[in-house]
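The sequence shown begins at 37 in the working numbering and counts up by one. Virtual Cβ for every residue (Gly too), placed ideally from N, Cα, C.
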Amino acid sequence: MKIYTKSGDQGETSLFGGERVKKNHLSIHAYGTVDELNSWIGLIKDTIDDKHNPFLIKIQEQLFTIGSYLATGDNEKMMVHLPKLNDSPVLELEKAIDIMQEALPEMKNFILPGGHSISSYCHLARCVCRRAERLTIETSEIQNVNPIIITYLNRLSDYLFVLARKVLFDLNIPEQPWLPKK
């Protein structure tokens, strides 16, 4: 299989099922941003303590599934070939958040991203995740989007925020609170 097809050289691409759309189509933005997020998760996985890797791989797999749904558009015939969506991955994120938060001190201020490169990667991924969520919500205005996808992206951004905090905590690096100057 060749990696290049030349079929996109005029600014169009195909959704699953063959429908041709402009490369700036909203669903392309949404699943492209999910792909970007998946790359950030890969970077986090490659730099964080190995104990997180199995869960981060599950997140990457779920993001591929989400991207596949966004790339399918309203083609019901193609959706039957995709893994089924359910709320189990959302519940897994919530459980992981709860476990990490048990060890963390209570947040009394907003915190500034940074402190360590891995924590910063988590914050960057969180921002990309929020963008993917916004684009997916916007996409849902022009095509059917399973609401579980939006819920998952929302919860994933929470997970990435807590993971950023947990990284600093585990490394004994203090968080930098945002203290507005008056």
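Contact check for Val126 against Thr172 fails: the beta carbons are separated by 8 Å or more. Taking the Cα positions, Asn190 is about 20 Å away from Val203. Comparing alpha-carbon positions, the option among Leu129, Ala139, Ile39, His152 lying closest to Lys94 turns out to be Leu129. Leu129 has no beta-bridge partner at all, per DSSP.
Secondary structure of Ile64 (DSSP, three-state): helix.
Non-local C-beta neighbours of Cys165 in its own chain, meaning closer than 7 Å and more than five positions away in sequence, comprise Leu73, Leu189, Leu192, Ser193, Leu196, ordered along the chain.
In the structure shown, Leu140 falls within a coil segment according to DSSP collapsed to helix, strand and coil. Residue pairing of Pro213 in beta bridges, as defined by DSSP: Ile147. Closest option to Ser104, judged by alpha-carbon separation, among Leu92, Asp86, Ala139, Asp71: Asp71. Counted as a single uninterrupted DSSP element, the alpha helix (DSSP H) harbouring Thr187 occupies residues 183-206. Taking the Cα positions, Cys158 is about 17 Å away from Asp134.
Taking the Cβ atoms as the reference, Leu92 lies roughly 6 Å from Ile77, within the contact range of under 8 Å. Of all alpha-carbon atoms in Ile64, Lys217, Glu211, the one lying nearest the alpha-carbon of Gly150 is that of Glu211. Per the coordinates, the alpha-carbon of Leu118 lies some 15 Å from the alpha-carbon of Gln96.
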